[in-house]
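Everything below concerns the one structure shown next.
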Amino acid sequence: APPNLGLSYRALDCDDPESEQAALVAMDYLNKNLFRGYKHTLNQIDKVKVWPRRPMGEVFEMEIDTLETTCHALDPTPVANCSVRSMAEHAVEGDCDFHVLKQDGQFTVLFAKCDSSPDSAEDLRKVCPDCPLLAPVNNTKVVRAVEAALTAFNTQSNGSYFQLVEVSRAQLVYLTHTTYVEFAIAATDCVAKEVTDPAKCNLLAEKQYGFCKGSLTEKGPLNGNEKVAVTCTVFPIQPQPDNSPVATPPAKLPEAPVVLGPLLL
Amino acid sequence: NVAQPSVAVAAGPVVHLCPGRIRHFKI
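Have a look at this one:
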């Protein structure tokens, strides 16, 4: 139920500094609580209603449009340093509802609900006729490309064996028979070169994540054999002080529903 | 405008600018 039934709300300009301040706190909260997909950045404040709250404070009821960045949700890079996914890369938009409490000059997020959706194929075609569309992450070519890229990474690795956390995005380029994938990985307690049965490897207690971009080019009439390319960035282990306000990814990330563009919070 | 007597009612219609500005691009 909306807060404080019976009292009227104060309308506020969406570009008012107070609206912007509340929106930035909401975005910071969102990105701190996202563990799959990509960080999001504020694109537009759609609506703001400011409800009085008994006994004190006000609740900002906000609708915010966001855009996906190119930084994975588990990447420690500050979102201000992350590029916004361009339309030609098949942009993904977030639609968020937030309730943000303002009390004693401090903003605190009370409620957040976001959904993300990729740009339409038609709009992408208008911007870039030849750019590849996002592909479903459970597409067989995508699954195959992720397996091949992760195997190639672990084969080259002198350290821990990394296992797959999630497939974040994928695109198929039919012209060159190439599948491009981006996926998140996590270090396990196995040594990559000694792994015989990956099922026996367990995630490290102190989580160490990484993010990979890979491609698999199938053998075709022009080239004799399959070609795999992969580059991974392994993130430093995030020291988590006990009272850290930052949410830590759950031990076992919940299975994301297989949809285009992972669902946000 | 229907408002509680204690709430000051703006003299004329106050235009609220929403949605706000687009910071990157609209899809």
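Chains as they are written, first to last, in this note's numbering: chain A, 1073 to 1337; chain B, 17 to 43. Just so you know, even glycine gets a beta-carbon here, dropped at the ideal spot from N, CA and C.
Residues Leu-1173 of the same chain have their beta carbon placed closer than 6 Å to that of Thr-1180(A), with the five preceding and five following residues left out of the count.
Contacts between Leu-1139(A) and chain B, judged by CB atoms closer than 8 Å, involve His-40, Phe-41, Ile-43 in chain order. Asp-1118(A) has a beta carbon lying within less than 8 Å of a beta carbon in chain B.
Among the bridge pairs identified by DSSP, Pro-1124(A) is matched with Glu-1130(A). Restricting attention to Asp-1187(A), Asp-1088(A), Gln-1235(A), Arg-1241(A), the CA atom closest to the CA of Val-1209(A) is found in Arg-1241(A).
A distance below 6 Å between beta-carbons, with the five flanking residues on each side excluded, links Gln-1280(A) to the following residues of its chain, in chain order: Ala-1259, Ile-1309.
A check of alpha carbon separations from Thr-1227(A) across Thr-1251(A), Cys-1086(A), Val-1263(A) identifies Val-1263(A) as the nearest. Looking at the backbone, the Cα of Pro-1148(A) and that of Pro-1293(A) are separated by about 42 Å. Those residues of the segment 1186-1198 of chain A placed with their C-beta closer than 7 Å to a C-beta in chain B are Asp-1191, Asp-1195, ordered along the chain. Bounds of the alpha helix (DSSP H) holding Asp-1100(A) are 1089-1104. Boundaries of the beta strand (DSSP E) harbouring Asp-1187(A): 1178-1190, taken from the DSSP string.
One thing to note: Asp-1137(A) has its Cβ no nearer than 8 Å to the Cβ of His-1162(A). For Val-1209(A), there is no enclosing beta strand (DSSP E), since its DSSP letter is neither H nor E.
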